[in-house]
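Participant:
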Amino acid sequence: MLTKSIAAGLAGTALLATVAFAQSPTATTDKAPTAATATTAATTASGEWRTSKMSGLKVYNEANENIGSINELLMDKSGNVKIAVIGVGGFLGMGEHLVAVPYEKLKFVNEAVAYTGTGTNPGAKPAASTTTGAATGTDRPAATTTSSTSKWYPDHAVFNASKDELKNMPEFKYAE
């Protein structure tokens, strides 16, 4: 019984392999390369940000307090981003208050948020630094800076409002 199962499995694998080998790409020597292949080889996007990385980006106010995170970027028909939907409050997406703010009112920063104080502040991140000597003596490991040109997204956004002011703004709802 076991040998019959093994033999059937090998026969099925052989049949599938022959179908895969039979589908070889056709050679086209008389056609010119398409415009899509010509432009993708020469196109670079240094200094651009990936929109997939912007979702979830932390938003701080001028006092370096975490006031929310970007949930969505809304654009017009010409592709220009017009509105940032920011999620305020809540826990793991539950009870989160969504507000729409004009995209041009956000300021994007590549450097980490400056951390001031010795205690734990859950709203702020420690500043990135490079250590070249002995340990700093804090309870946090020292972070190293990364080149902002190698990242495809900013470190955080800054919006001039408090968390309470954002919670008091009208809630943004997606129209169906």
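For what it's worth, the numbering used here labels the leading residue of the sequence shown as 262, then goes sequentially. Note that CB positions come from ideal geometry on N, CA and C, so glycine has one too.
Are I328 and S316 close, meaning C-beta to C-beta below 8 Å?
Facilitator: Along the sequence shown, one-based indexing puts residue 328 at 67. Along the sequence shown, one-based indexing puts residue 316 at 55. Not in contact: I328 and S316 (Cβ atoms no closer than 8 Å).
Participant: Bridge partners for V346 per DSSP, in chain order?
Facilitator: Within the sequence shown, numbered from 1, the residue matching residue 346 stands at position 85. Per DSSP, E333, A361.
Participant: Starting from the Cα of L367, find the closest Cα among Y321, V349, R311 and give me that residue.
Facilitator: In the sequence shown, the residue the question calls residue 367 occupies position 106. The candidate whose alpha carbon is nearest that of L367 is Y321.
Participant: Can you list, in chain order, the residues of its chain with a C-beta nearer than 7 Å to that of A361? Leave out the 5 residues immediately preceding and following it.
Facilitator: Position 100 of the sequence shown, counted from the first residue, corresponds to residue 361. Here the set comprises I344, V346, F433.
Participant: Here's a check: name, in chain order, each residue in its chain whose Cβ is nearer than 7 Å to the Cβ of M430, leaving out the five neighbours to either side.
Facilitator: By 1-based counting over the sequence shown, the position of residue 430 is 169. Same-chain partners within the cutoff: V360.
Participant: Just reading off the alpha helix (DSSP H) that K449 is part of, what are its end residues?
Facilitator: The structure shown does not extend to residue 449, since the chain is modelled only from 262 through 437, so no value can be given for it.
Participant: Can you tell me which of S307, K424, N371 puts its alpha carbon nearest to the alpha carbon of A418?
Facilitator: Here residue 418 refers to the residue found at position 157 of the sequence shown. The candidate whose alpha carbon is nearest that of A418 is N371.
Participant: I'd like the span of the alpha helix (DSSP H) that includes K314, first residue to last.
Facilitator: In the sequence shown, the residue the question calls residue 314 occupies position 53. Start and end: 312-315.
Participant: Cα-Cα, which of E426, K412, L318, L335 is closest to A214?
Facilitator: As displayed, the chain neither begins before 262 nor continues past 437, which places residue 214 out of reach and without an answer.
Participant: Could you tell me the distance, in whole angstroms, from the CA atom of G348 to the CA atom of L271?
Facilitator: As a first step, residue 348 is located in the sequence shown; it is residue number 87 there, counting from the start. As a first step, residue 271 is located in the sequence shown; it is residue number 10 there, counting from the start. Roughly 54 Å between the two C-alpha positions.
Participant: Report the rounded CA-to-CA distance for S390 versus D416, giving the unit in angstroms.
Facilitator: On the sequence shown, residue 390 is found 129 positions in, with the first residue counted as 1. On the sequence shown, residue 416 is found 155 positions in, with the first residue counted as 1. For S390, the pLDDT reaches just 35, beneath the cut-off of 50, and the residue's location in the model is therefore unreliable, although a value from the coordinates is still provided. Spanning the two alpha carbons is a distance of roughly 14 Å.
Participant: Just to confirm the assignment, what range does the beta strand (DSSP E) spanning A418 have?
Facilitator: Mapped onto the sequence shown, residue 418 falls at position 157. Where A418 is concerned, the enclosing beta strand (DSSP E) stretches over 417-419.
Participant: Would you mind reading off the limits of the beta strand (DSSP E) that contains V374?
Facilitator: Along the sequence shown, one-based indexing puts residue 374 at 113. First-last for V374: undefined, no H or E at that position.
Participant: Note down the Cα distance separating W413 from G308, rounded to an integer number of angstroms.
Facilitator: What you label residue 413 is simply residue 152 of the sequence shown in a count that begins at 1. What you label residue 308 is simply residue 47 of the sequence shown in a count that begins at 1. Their backbone Cα atoms lie some 8 Å apart in a straight line.
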